[in-house]
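Peer 1: For the sequence shown, our numbering begins at 1 and goes up steadily by one.
Ideal placement from N, C-alpha and C gives every residue a C-beta, glycine not left out.
Please see the structure below; I have some questions.
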Amino acid sequence: MKAYYVYHVLDPDEGEIVMADTPGQAKCRADCYDAGDFTGMRARRAPEFDGDGGPPTDRDYLQKGWLVPCARCGRNIYSEDDAHFDRHDRAYCSEACLAGNETTPSTTPV
Ligand SMILES: [Zn+2]
């Protein structure tokens with residue numbers, strides 16, 4: 001399978017990486033497919049995410065210069081930040097989030 005970046009033309013920065021054999025299959029597998037506006041969706045190859053066939057992990061995204069939300073509090077983590085990873089390679093913004101100590105989700109507007 002190959003990696004595709006699937007996005008909507010109205011929101012091209014909010015796409016996702018999907019593993020699929022064809023662009024059409026990638027669009028069908030994307031979460032945003034449920035939004036219903038299939039005609040506005042695009043899929044382009046993202047060869048930097050080709051690999052073992054599994055979906056990329058947070059660690060993969062960060063290593064390739066993407067940002068990911070903290071798996072606990074949702075704060076953006078950038079590739080240059082000192083992210084913390086659990087055994088599933090989910091990224092956390094701090095030791096406290098990794099340890100699960102931060103119980104209140106951040107509601108501060110960005
Ligand atoms: Zn966090």
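From Cys70 to Thr39, what distance separates their C-alpha atoms?
Peer 2: Computed Cα separation, rounded: 31 Å.
Peer 1: For the segment 20-30 against the segment 3-11, do three or more pairs of beta-carbon atoms, one drawn from each stretch, fall closer than 8 Å, so that the two count as touching?
Peer 2: Segments in contact, yes.
Peer 1: Specify, as a first and last residue, the run of the alpha helix (DSSP H) that Asp60 falls within.
Peer 2: Its alpha helix (DSSP H) spans residues 58-63.
Peer 1: Can the beta-carbon of Ser79 be found less than 9 Å from the beta-carbon of Gly65?
Peer 2: Yes.
Peer 1: Rounded to a whole number of angstroms, what is the C-alpha to C-alpha distance between Arg42 and Tyr92?
Peer 2: Each residue's Cα considered, the two are about 30 Å apart.
Peer 1: May I ask you to report which of helix, strand or coil DSSP gives Pro12?
Peer 2: It is a strand residue.
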